[in-house]
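As structure tokens, then:
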């Protein structure tokens, strides 16, 4: 099954007056970070309309989730650099309008999650962006890219909060599958590229540096002890969730996008949504 919003993307580009714009290869400019600086945009209503429309497009185009999350943070007070970033996303969409989310028939019933965090990535508030993506077999079921509500005092804390969010999502999915009479018989694997966060998930020793994230620690540890969750280390080279936390080089971005099943349409269809 192939889920596509090609017609919607075309209408969005037409609304923005960018149907004939020059495309770009990635949705984020790696050379800049958005902040609250810059001149006010002349038409903030158009900015908010386009940013909101892009949010709906992430239903099938998860490869723009991080970029859209960044521009939506400034909907209350958009500046010219934010509008430039939004146009960058539209140029990226213009280049690959035929892409969508591919779902496969799979006999594998394992639930696997990837969690990542960009520690203190916001130059204005120094809050971290955490994300996860969850696979059932070969199919991507759930993904998220959100700014954390509190400051993290270390990269391990930011990563562990991201792990806790991923674990909460997998718990909901496990309960849903059980209600659908297809319970999982194996533990959910949660991959994280921070070694300290992996150790915290199973190490029963509490110390002063982790008391400020004690709730998340106990939440994950209890599930690990019960055998429902296993938190494992994955090298950053294979951390697919990086797509949701930062801009990536073109080659790596293309590889991760394919691994997340965002691909070109396998067949031409008469319509679209």
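In full-length UniProt numbering, the protein residues as written are 1 to 273. Backbone N, C-alpha and C define an ideal beta-carbon position, used for all residues, glycine too.
Residue nearest to residue i in terms of C-alpha spacing, selected from the options
| i | options | result |
| --- | --- | --- |
| residue 196 | 254, 232 and 40 | 232 |
| residue 86 | 51, 106, 58 and 112 | 51 |
| residue 9 | 255, 247, 105 and 96 | 96 |
| residue 6 | 56, 257, 79 and 260 | 56 |
| residue 66 | 112, 49, 84 and 118 | 118 |
| residue 175 | 111, 151 and 130 | 111 |
| residue 26 | 15, 4, 47 and 61 | 61 |
| residue 234 | 168, 173, 198 and 251 | 198 |
| residue 43 | 155, 33, 130 and 80 | 80 |
| residue 220 | 179, 162, 104 and 249 | 162 |
| residue 105 | 38, 120 and 139 | 139 |
| residue 250 | 116, 63 and 58 | 63 |
| residue 182 | 32, 226 and 107 | 107 |
| residue 4 | 33, 58, 130 and 28 | 58 |
Pair within 8 Å by beta-carbon distance, residue i and residue j
| i | j | result |
| --- | --- | --- |
| residue 244 | residue 145 | yes |
| residue 133 | residue 114 | yes |
| residue 122 | residue 147 | yes |
| residue 166 | residue 216 | no |
| residue 68 | residue 82 | no |
| residue 259 | residue 240 | yes |
| residue 340 | residue 124 | Shown here, the chain extends from 1 to 273; a query on residue 340 therefore has no answer. |
| residue 126 | residue 98 | no |
7 Å Cβ shell around residue i - same chain, five flanking residues per side excluded
| i | result |
| --- | --- |
| residue 2 | 100, 102, 265 and 266 |
| residue 53 | 12 |
| residue 184 | 109, 111, 174 and 177 |
| residue 73 | 147 |
| residue 16 | 50 and 90 |
| residue 254 | none |
| residue 186 | 110 |
Same chain only: Cβ atoms within 6 Å of residue i, ignoring 5 sequence neighbours per side
| i | result |
| --- | --- |
| residue 224 | 201 and 202 |
| residue 30 | 247 |
| residue 188 | 111, 170 and 229 |
| residue 47 | 41, 78 and 83 |
| residue 191 | 114, 232 and 234 |
| residue 256 | 240 and 243 |
| residue 75 | 48 and 51 |
| residue 263 | 102 |
Beta bridge counterpart(s) of residue i as assigned by DSSP
| i | result |
| --- | --- |
| residue 252 | According to DSSP, which records beta bridges pairwise, residue 252 is partnered with nothing at all. |
| residue 100 | 263 |
| residue 143 | 133 |
| residue 233 | 192 |
| residue 39 | Answer is none; residue 39 lacks a bridge partner. |
| residue 199 | Answer is none; residue 199 lacks a bridge partner. |
| residue 79 | 40 |
| residue 111 | 136 |
| residue 2 | 102 |
| residue 117 | 130 |
Residue i at chain D interface by Cβ criterion, 8 Å
| i | result |
| --- | --- |
| residue 159 | Absent from the structure: chain D. Only one protein chain is present. |
Sequence-distant residues of the same chain with beta carbon closer than 8 Å to residue i, five excluded per side
| i | result |
| --- | --- |
| residue 236 | 193 and 242 |
| residue 142 | 132, 133, 134, 169 and 173 |
| residue 227 | 187 |
| residue 37 | 79 and 81 |
Discussion item. Counting beta carbon pairs with one atom in the stretch 14-29 and one in the stretch 83-97, are three or more of them shorter than 8 Å?
Written reply: yes
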